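FYI, the numbering used here numbers position 192 of the sequence shown as 226, with every residue one higher than the one before it.
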Amino acid sequence: MTTTSLIIIIVNIVLALILATGMTPILVWWERRVAGFIQDRTGPNRCNVGPLRLGGLIQSIADMLKLVFKEDFTSAHIKYKFFFAIAPGILFFCSFLTFAVIPFADTLVIDGKEHVMQAVPTQLGIMWFLAYAGLSTYGIILGGYASGSKFGILSSIRATAQVISYEAAMALAVISMLLTYGSINLSEIVTEQTGTIFGVIPAWGVFMQPLAALIFIVTAFAETNRTPFDIAEGESEIVAGYHTEYSAMKFGLFQVGEFAAMCAGSAIIVTLFFGGYHVPWLDTQTLKDNINIVIIVIMVLLPLKVFVLTKWMKKNNNWKDSNNIRAKETAILTKVFWLLAIAVVAILGSFLATGLGENGVNIAVTVIQIGTFLLKFLLMSLVFIWVRWTLLRFRYDQLQMLGWKVLLPLSLLNIVITATYIVVAGN
């Protein structure tokens, strides 16, 4: 194995780790701030390190450290302590492994050798995702059962019923996508979304298969146990369900596992239905052919974005007294953002002046595609958070009716329509 191959493998694994687990403090902070905005309140914003509060992000980091150092207490009434202990780990690791097959960019070619931009470069693709997405729920089921609590048992029963009800519709929605793209490989599915419909609309899965996209997104919410499908942790009826008896980092692993599942759901939705890493209307070859223009556009837009951001900070995070903590934080962040922007523009300018070469162009395109994927991924994560703080939790009968009487028949109908079109049209 060459040094280049080893570096690319490490980069892919680190990206998967950051997006699956490292995003948890940021998403917790984001969820609190979005909830505060929707509910017309501020949200956490006072925990600080020196003058830095970062809009409340330090609060999420403090909460994470609190869980790490908190006493890990296990109740004496719990009989199956081994299963009780491994349940959070099952949820966490399965949610993380779900992320392992997500392609972050097109195949990277260095010195004529191709490198797949996935943490686990397997051909299983969507099958891998479905397998581990289903297994992750067993952490919830086992945790609730092993707790030896009536609340935990009820939570396990609810989680089991939910998984059975919604995985069937999810799998059938995936079958429609496989019929459309003719492959289970996620990189190939993304490649098939590079064209346009009627010469204008991107050939994304959401436009090619809108019904499958709607079904899959709804079932993804159910698989990640997020509101309005969080009856397994219904506080109003069963305290907290499967994690009622958990404390410290065991409880923390459940929380991280939930956010990892949300991240994996966001990533797979982006990959299947929103063009994955592709920039709209610009495939990989087009980016390579016009890389200088793309770099110039980035050099122009980056300072403008930093200017808007710093103006917004000075308006919303400032104080008349220059010695106030808000004024100090704004001054520090303004300098940091402008220094980063100047450094990036200088680096990009040097690339334009000296030329990138074939390997440089390929690497630049890969970086742009990773950035595009991250932007889509964050927007989809925002949708998860937005829905949580907008919709009410379903009742048990409503959840079952939606799964069996609405989504399942619609997914079967979509398969029939898709297969009929393929037979009639011949492609």
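By construction, the Cβ of each residue, glycine as well, lies at the ideal position given by its N, Cα and C atoms.
These numbers were taken from a predicted model, which means no experiment stands behind them.
Take the Cβ of residue i as the centre, count every other Cβ of all protein chains shown within 10 Å, and call the residue buried at 16 or more, exposed below.
i: residue 176; result: buried
i: residue 483; result: The structure shown does not extend to residue 483, since the chain spans only 35 to 461, so no value can be given for it.
i: residue 345; result: exposed
i: residue 455; result: exposed
i: residue 87; result: buried
i: residue 236; result: buried
i: residue 355; result: exposed
i: residue 366; result: exposed
i: residue 162; result: buried
i: residue 443; result: exposed
i: residue 216; result: exposed
i: residue 264; result: buried
i: residue 52; result: exposed
i: residue 403; result: buried
Check residue i in the structure and name its three-state DSSP category.
i: residue 230; result: strand
i: residue 147; result: strand
i: residue 330; result: helix
i: residue 244; result: helix
i: residue 236; result: strand
i: residue 425; result: coil
i: residue 437; result: helix
i: residue 177; result: helix
i: residue 67; result: helix
i: residue 214; result: helix
i: residue 113; result: coil
i: residue 430; result: helix
i: residue 136; result: coil
i: residue 358; result: coil
i: residue 405; result: helix
i: residue 363; result: helix
i: residue 384; result: helix
i: residue 274; result: coil
i: residue 57; result: coil
i: residue 157; result: coil
i: residue 280; result: coil
i: residue 307; result: helix
i: residue 374; result: helix
i: residue 390; result: coil
i: residue 286; result: helix
i: residue 410; result: helix
Just list the residues that DSSP pairs residue i with in beta bridges.
i: residue 313; result: 316
i: residue 83; result: 86
i: residue 142; result: 149
Cutting at 8 Å between CB atoms, please list the residues of its own chain near residue i, excluding the five before and the five after it.
i: residue 352; result: 360, 361 and 364
i: residue 446; result: 206
i: residue 73; result: 423
With a threshold of 7 Å on Cβ separation, who are the neighbours of residue i within its own chain once the five nearest residues in sequence on each side are excluded?
i: residue 335; result: none
i: residue 214; result: 242, 243 and 452
Please go through the same chain and pick out, in chain order, the residues whose beta-carbon is closer than 6 Å to the beta-carbon of residue i, but skip the five residues on each side of it.
i: residue 190; result: 175, 178 and 179
Open item on the list: Closer than 8 Å is the cut-off here; do at least three beta carbon pairs connect the region 252 to 268 with the region 198 to 210?
Closed with: Taking 8 Å as the limit for Cβ pairs, the verdict is that the region 198 to 210 does touch the region 252 to 268.
Task: At least three beta-carbon pairs within less than 8 Å, the region 306 to 322 to the region 128 to 143 - done: Output reads yes: the region 128 to 143 touches the region 306 to 322.
Task: the region 164 to 176 touching the region 142 to 151, judged by at least three CB pairs closer than 8 Å - done: The region 164 to 176, when compared against the region 142 to 151, does not touch it at the 8 Å Cβ threshold.
Task: the region 371 to 389 / the region 322 to 335 touching (three or more Cβ pairs under 8 Å) - done: Inter-segment contact for the region 371 to 389 and the region 322 to 335 is present: three or more beta-carbon pairs are separated by less than 8 Å.
TODO: Tell me, please, whether the region 272 to 282 touches the region 425 to 441 by the rule of three or more beta-carbon pairs shorter than 8 Å.
DONE: The region 272 to 282 is not in contact with the region 425 to 441.
Open item on the list: With three or more beta-carbon pairs closer than 8 Å as the criterion, would you say the region 44 to 59 touches the region 283 to 293?
Closed with: Proximity of the region 44 to 59 to the region 283 to 293 meets the contact definition, three or more beta-carbon pairs being nearer than 8 Å.
Open item on the list: Assess contact between the region 148 to 164 and the region 40 to 49, defined as three or more Cβ pairs (one per stretch) separated by less than 8 Å. Is contact present?
Closed with: Proximity of the region 148 to 164 to the region 40 to 49 meets the contact definition, three or more beta-carbon pairs being nearer than 8 Å.
Open item on the list: With three or more C-beta pairs closer than 8 Å as the rule, is the region 89 to 105 touching the region 59 to 78?
Closed with: As far as the Cβ criterion goes, the region 59 to 78 touches the region 89 to 105, which means the pair count is three or higher.
- [ ] Indicate whether the contact test is met: 3 or more Cβ pairs, each with one atom in the region 170 to 187 and one in the region 121 to 132, closer than 8 Å.
- [x] Touching, per the Cβ criterion.
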